[in-house]
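Data first, discussion second: the structure below is written as structure tokens.
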Amino acid sequence: MPERLPYLVEPMTLDDIDRVMEIEQAVFPAPWSARAYHYEITKNDHSTMLVVRPAAPDASPIEHLRRQLGLARPAPLLGYAGFWLLVDEAHICTIAVHPQWQGQGLGELLLVSLLEKSKLLG
124 MPERLPYLVE PMTLDDIDRV MEIEQAVFPA PWSARAYHYE ITKNDHSTML VVRPAAPDAS
184 PIEHLRRQLG LARPAPLLGY AGFWLLVDEA HICTIAVHPQ WQGQGLGELL LVSLLEKSKL
244 LG
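Note that the sequence shown ends on residue 245 in the numbering used here; no numbers are left out.
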């Protein structure tokens, strides 16, 4: 059986925005606003925003479902990334990893996740 990654990449939600803003302000000299992320998640049909978190080592399918339904407290946010799908091209609009977690391959994981998701969407 393949070894599970110790990280989980999943869609960004409105509940993630406060933590995204903490990372955004720590890594970018001209950060996006919380309103911009709210727009990307709720209004921009061409936008895909992802986050990476530590995976719970013993997370059962039920626990994963509880998290997806918002019934469980999410694991800490380590980074995020997003792209816009424009005609036949994916434009990466943001990618960031919390400074304490940089250098551990999370940016690469996010980039690969963006590429995989963009291929699925067209």
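We treat Cβ as the ideally placed atom computed from N, Cα and C, and that holds for glycine.
Mapping DSSP to helix, strand and coil, what is A157?
Residue state for A157 is assigned as helix, using DSSP reduced to three classes.
Could you spell out the range, first to last residue, of the beta strand (DSSP E) harbouring G230?
No beta strand (DSSP E) holds G230; the alpha helix (DSSP H) holding it covers 229 to 244.
Apply the 10 Å Cβ neighbour rule to Y160 and answer buried if 16 or more other Cβ atoms are within range, or exposed otherwise.
Buried is the call here.
With burial defined as no fewer than 16 other Cβ atoms inside 10 Å of the residue's Cβ, what is the status of A249: buried or exposed?
The question about residue 249 has no answer here: the residues shown for the chain are numbered 124 through 245.
How about I218 and L238: are their beta carbons less than 8 Å apart?
Taking 8 Å as the Cβ cut-off, I218 and L238 do not qualify as a contacting pair.
By alpha-carbon positions, which one of M144, M172, A153 ends up nearest to C216?
Nearest C-alpha to C216: M172.
Straight-line gap, S170 to M135 (C-alpha atoms, nearest Å):
In a straight line, the C-alpha of S170 is about 11 Å away from that of M135.
Pull up the distance between the alpha-carbon of E133 and that of A153, whole angstroms please.
Near 25 Å, if we compare the C-alpha coordinates of A153 and E133.
Which of the three DSSP states is assigned to M124 in this structure?
The pLDDT assigned to M124 is 42, lower than 50, so where the model puts this residue is not dependable; a value taken from the coordinates is nonetheless given after this. M124: coil per DSSP, three-state reduction.
List the residues that DSSP assigns as beta-bridge partners of R176.
R176 pairs with L131.
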